[in-house]
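Reviewing the structure listed below.
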Amino acid sequence: MFISYATAQITGKVQDEYGPVQGALVSVMGADDTVETGDEGQFSIPGKVGDRLRVINPITLNEKFFDVKKLNMGVIKLSEKEINLEVVVGFGTQKKENLTGAVSTVDAKALEDRPVSNVVQALQGAVTGMNFSINNAGGELGNSPSFNIRGVGSIGNTSSAPLVLIDGMPGNFAMLNPQDIESISVLKDAAASSIYGSRAAFGVILVKTKSAKQGKITVTFNTNYRLSSPLLVPDMLDSETFATYWNEAGANSGTGVKFKPEILEKIKKYKRGELPANEATEWNPDRSEWFKYTGSWANVNWFKEFYREWTPATESNISVSGGTEKFSFYLSGNWLNQEGLMRYNNDTYDRKGFVGKFSAEIAPWLRVNYKSDFTRIDNESALYQDPLFFHNIARRWPTLPVYDPNGHYINGNEIAHLLAGRSKNQTDQLQQQLGFLLTPLKGWNTHIDLNYKLTNDLWEGYALPVVWYDNMNKEQYASLGVRGYNAPGETGIGRSTGKSQYINPNIYSDYSFTLNKVHNFKAMAGFQSELMKYLGFSASRKEFYTTDVISINTTFGDKPQVGDILYSWATAGFFGRLNYDLDGRYLVEVNLRYDGSSRYKRDLRWNFYTSASLGWNVAREPFWEKLGGFASKISTFKPRFSYGQLGNQNLRDNYYPYYSLLPVGASNGNWLLNGERPNTAGVPGLISGLLSWEKVATTNYGLDINMFKNKFGLVFDYFVRKTKDMVGPGETMPATLGTAVPKYNNTDMESKGFELSLSWNDRLKNGFGYGAKLNLTDSKQIITNYPNDLYALNKYYNGEVLNNIWGYTTIGIAKTQAEMDEHLAKVDQNRLGSQWGAGDIMYADLNGDGKIDGGANTLKDHGDLSIIGNSTPRYNFGLNLYADYKGFDISIFLQGTAKRDLLVNSTYFKGANEGMWQSAAFKQHLDYFRPADTDSPFGPNVDAYYPRPLFQKGGKNFQNQTRWLQDASYMRIKNMQIGYTLPKHFSQKLGISRLRVYISGENIATFTKMSKIFDPETTGGGWGNGKLYPLSKVISTGINLTF
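The opening residue of the sequence shown carries number 1 in the UniProt record's numbering; numbering runs sequentially from there.
Here is the structure:
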């Protein structure tokens, strides 16, 4: 402890939610002295009233700031719920109580010990305004959920993703170690995000990582072990049930039974164990292959065969920090090794990372900050682990064996395909950040930052022969290879590399001052620019002459296919911000931004954008205290208003839209020249000379309330966001034009929604602490302008609510032929299909014209179609419940969507109603129509959910309609965690500052009315709904140590 003999001393006690905090670092801003708190949290440090005190938590290393209003400050709370928490905003921080924009925050504690490999997975439900969706890669290792802020921002040819900044530099959550995070701020309205300009039109996510801290050296070590299991896979029918179901579908469709009686008898005997386990098929001499499908009698659940029941993962983190006022540092290392669910040619994910942060005071007016960050990710899987594989799983009948009688994998069951090749991805990212902080005068700070990022990506994919064996154990090649290597026995290799360089210099200066003790001003101005360059190269060649060395040099096929890609873009912007508050009561913020982008023509590159926000903290008015009663319980009552406009330059796929580019191809001509396919060149596309910025204007109304000594908190925001001049399609032109029509700024959309956050936290006199936080978000989007004069329903149209579902209205399933005949006497359904009978769908004639159709498929003439639902997730929520007592803690995090409609049209849903080789059969499909006089072994089922199964002809019953509309709302126990922290007096005897052990679970349980074939979060798929890698249920246990 440093001892000072100054006469004026600031005194107090530091406490957190667990009681007194020993070892917290207390300092006065601008002074040299730093003291540590004693065993009761007490401190004394030279200072005076009006100073600003900084307190660093010795466990979390979070820092808090407090205004010294009297020398004896009493108890200082380090709780994250404190109203004077400093919130990270654009190019700086602000007191939470002085915020006027729409900003949500997440601290490190909310992410602590979650068994996730990507930060995004832990943010779901934790932030109001953020919406998440899982793409067609599903739960694959390394896949990150997509996310937006306040819903879809653009339907044009631009991205509506928010800007993610990690320590001030654009970053990728996948490359970030969750344990390095200190806080996350989400800037949602234009007033909050406009300072970042053209890349921030749809919000900004600011991630602040743990930094160099002064004080004694602290070492933190965390490690955990995880087990993952498939969260949901369809429940396949056993072979006997499957064969019976398949036979009935064949009989209904007129194609005959599929399994002959003698095969059915073998299926039954095999199930009973009366036939050898390794003899579930026999040789077919007519086709020179093993009998499969209708000629085999195995009993295999292919989902269980392909997916492992439990897979391991380990993660470890270590960090070291410490230093003095003159020099401090933070070092951290992270390693994650994870195995995937695939049983054959197992997929793996490995991430290693190192971060070093250093801060040095060169002079009283100059501080230098430096950060170096390196991350490597290796992700490997079978080359065949692609959308086609997930499509094929359910198409593999349970009667198909895993092995032939000789013990080899049988042809056609996907296992040999999975083993025939490997896909390897490696990403290296190096980030360097150098910053100078100049403070020539009190209140005046100048920041000079230079950010550099180098990313190298390497992909390698090689294919081996897909092999099976005949009855003589002779090697044979499958008729189809894997992933582009389609010929029997075809092999090959492809490699691609990509190198991107990002350079981002920033310079900005801010000055703060106070007039007459109540007029507080802060002005900032600066310049920012970005330059990104990308160079990619790819090469491939077929036919290995040896697979001992996997290389293009060991191939001998036709000449290699070689290509490259290169592009660059740049932005620049001048910005300014002015903050004013009158004694914390009246709050004003104005932002200015002048932006330029290389993606537009020179005379359209620059634009000027502004935003402003207002706030009034009514509870700080003198009259508020006089109100007494309930008003005296309210410490914050702050209505807010903001309006601003930003430009969006994030075109999805065109870095040079103002150039007429010549499409060229190598050796891709459709004719031969001297025995070889020649290179080609096509007609350049037309360009729009007026293509320019999308414009995004947001109006926000907000209210912040804190009461009962900040135990209760409420944050409410209502917003209207108008996206104008979106890049939409050009006019339809005749095919004789010979080239693509350019896009134009011709589309508008409006988003409306609200966000609500409610929180409560308290600690009883006996030490029992508890709390809850509810986040609720909703928004919808309306198309206000789109080039669709006919209002065709297969395009966007003016007035459309985004993601509306059009469909027919279902009367029901006809229970008898007479009921169907009576219906058809009134309504003609032949436009949808023919041969209608008992067990088929009866559709409602909404427009009364005596026939079922979609009319002209326009808004004016849509026949019997109507809007039957909307697939936008509505009322997304997260609820966090937690409690602690005498070192024990428990938390439960619930997340979900309260309203969503969904139509699922894949073969996973329809059962035996596609072609026989495309259909699937799950237990849910057994709830199909069977007449009262059926001879089916399943018995009658006239009140069934599904219509009668019909191979090839079932499409007539699966038109988009109300019967198949799914209630895709759900609630999931996203995380549950139980932990124990060793009392401090015990841990100190062991020579450690803190020890916590815990067990944590992810995706514990799901509550939904949706069909149990599907997980409500993974309803996509490259080949149809549900055909993708499943999410995982994760159980983990770990230990956290601080020395």
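Note that beta-carbon positions come from the ideal geometry of N, C-alpha and C, so glycine has one too.
Item                                                                                                                                                                               : Value
Alpha carbons only, please: which of A363, F527, N798 is nearest the one belonging to L438?                                                                                        : A363
Helix or strand or just coil, what does DSSP make of I263?                                                                                                                         : helix
CB-CB under 6 Å to E82, same chain, minus the five flanking residues each way: which ones, in chain order?                                                                         : For E82, the predicted structure reports a pLDDT of 46, less than 50, and the residue's modelled location is therefore unreliable. A value from the coordinates is still provided. Cβ within range, chain order: n/a, list empty.
If we ignore side chains and look at the alpha-carbon of each, how far apart do E140 and M169 end up?                                                                              : 27 Å
Figure out for me which residue from D470, N617, I415 has the closest Cα to the Cα of L99.                                                                                         : N617
Just the C-alpha distance for I415 and L237, rounded to the nearest angstrom, thanks.                                                                                              : 20 Å
Might you give, ordered along the chain, the residues of its own chain that have their beta carbon closer than 6 Å to the beta carbon of N177, omitting 5 neighbours on each side? : N334, G353
For the segment 962-972 against the segment 981-1000, are there 3 or more C-beta pairs whose distance is under 8 Å?                                                                : no
Span of the alpha helix (DSSP H) holding M820?                                                                                                                                     : 817-826
Buried or exposed for A681, going by 16 or more other Cβ atoms inside 10 Å?                                                                                                        : exposed
Express the C-alpha separation of Y567 and L662 in angstroms, rounding to a whole number.                                                                                          : 15 Å
Can you give me the start and stop residues for the beta strand (DSSP E) that N334 sits inside?                                                                                    : 327-339
With a Cβ-Cβ cutoff of 8 Å, do G138 and P1030 count as a contact?                                                                                                                  : yes
What do you get for W917, buried or exposed, if any count of 16 or more other CB atoms within 10 angstroms of its CB means buried?                                                 : exposed
Determine contact between the segment 935-943 and the segment 882-899, defined as no fewer than three beta-carbon pairs at a distance below 8 Å.                                   : no
Quick one, which of G728, W760, T739 has its alpha-carbon nearest N745's?                                                                                                          : G728
Beta-carbon separation of G1038 and T223 under 8 Å?                                                                                                                                : yes
Using the Cα positions of A697 and A190, report the straight-line distance between them to the nearest angstrom.                                                                   : 7 Å
Just confirm the distance between the C-beta atoms of A212 and S359, as a whole number of angstroms; I'd bet it's less than 8 Å.                                                   : 4 Å
Could you tell me the alpha carbon to alpha carbon distance between N775 and T209, rounded to whole angstroms?                                                                     : 24 Å
So, are the CB atoms of G443 and Y511 less than 8 Å apart?                                                                                                                         : yes
Between which two residues does the alpha helix (DSSP H) containing W624 stretch?                                                                                                  : 622-627
Just list the residues that DSSP pairs D748 with in beta bridges.                                                                                                                  : N785
Determine the direct distance from the alpha carbon of S993 to that of Y225, and round the result to whole angstroms.                                                              : 23 Å
Of all the beta strand (DSSP E) runs that stay within the bounds of the segment 413-464, which reach a length of 3 or more residues?                                               : 421-441, 444-463
What first and last residue would you give for the alpha helix (DSSP H) that runs through V120?                                                                                    : 119-123
If we count the other Cβ atoms within 10 Å of its Cβ and call it buried at 16 or more, is Q433 buried or exposed?                                                                  : buried
Would you call the CB atoms of I195 and P162 closer than 8 Å?                                                                                                                      : no
Taking C-beta to C-beta, are S185 and V89 nearer than 8 Å?                                                                                                                         : yes
Beta carbon of Y344, beta carbon of L418: below 8 Å?                                                                                                                               : yes
Quick check for students: name the residue ranges of the alpha helix (DSSP H) that lie wholly in the segment 869-950, counting only runs of 4 or more.                             : 907-910
What residues in its chain sit with their C-beta under 7 Å from that of T907, if we drop five residues either side in the sequence?                                                : E914, Q918, S919, A920, G1024
Please report the residue range of the beta strand (DSSP E) in which Q959 lies.                                                                                                    : Here Q959 belongs to no beta strand (DSSP E), and DSSP marks it neither H nor E.
Identify every residue that forms a DSSP beta bridge with V715.                                                                                                                    : D704, S757
Could you tell me which residues DSSP pairs with K268 in its beta bridges?                                                                                                         : Answer by DSSP bridge pairing: none, since K268 is not bridged.
Does the separation of the CB atoms of A280 and S296 fall below 8 Å?                                                                                                               : yes
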